[in-house]
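Q: One structure coming up, written as C-alpha cells, with questions to follow.
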Amino acid sequence: MRSLFEEHPASVGETYWQHLASAWGFSWRMAVASLACLVHALLPFLFEKYGSQAITRLHDRMVTNRHRNPQSETQTSKANLQSERSAA
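Just so you know, UniProt numbering puts 26 at position 26 of the sequence shown, and the rest follows in order with no gaps.
In C-alpha cells:
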C-alpha cells in the first residue's frame with residue numbers, strides 16, 4: 001500500500017510530502033485562474049490575459065524549471081522501458 005503513495009512522487013524526484021505541497025500549490029493556482037476565466041467569460045474586458053499567463057507560469061514551474069532527482073529519472077526510465085518490453 002505504501003508504494004501506491006510513494007511511487008509517482010519518487011518518479012519526479014520528490015517525497016510524498018513534497019509532492020503533496022507542490023500539487024496543492026498547483027491546485028490553488030489553477031482554481032484562481034479558473035475563476036478569472038469565468039469572470040472573463042462574463043465580462044470579456046476583465047482578466048484578458050490572466051488565464052493564458054497562469055497556464056504559462058504553471059507550465060514553466062511544472063515542466064521547464066522542475067528540479068528533478070537524476071537518479072529517480074534514471075530509475076523511472078528503466079522501469080518504463082522494462083514495462084514496455086514486457087507488454088510487447
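All residues carry an ideal CB built from backbone N, CA and C; glycine is no exception.
Would DSSP call M1 helix, strand or coil?
A: One-based indexing of the sequence shown puts residue 1 at position 1. If DSSP states are grouped into helix, strand and coil, M1 belongs with coil.
Q: Among R2, T15, M1, G51, which has the Cα closest to the Cα of L35?
A: Walking along the sequence shown from the start, residue 35 turns up at place 35. Among R2, T15, M1, G51, the Cα nearest to that of L35 is on G51.
Q: In or out: A41 buried (at least 16 other Cβ within 10 Å) or exposed?
A: By 1-based counting over the sequence shown, the position of residue 41 is 41. Flag for A41 reads exposed.
Q: From M30, P44, F5, D60, pick the residue whose C-alpha is nearest to that of W17; which is it?
A: The residue labelled residue 17 in the question sits at position 17 within the sequence shown. Ranking the options by Cα distance to W17, first place goes to F5.
Q: Could you please give the first and the last residue of the uninterrupted alpha helix (DSSP H) stretch that includes P42?
A: On the sequence shown, position 42 is the one that residue 42 refers to. The displayed chain sequence assigns Leu, not Pro, to residue 42. Here the alpha helix (DSSP H) through L42 covers 16 to 42.
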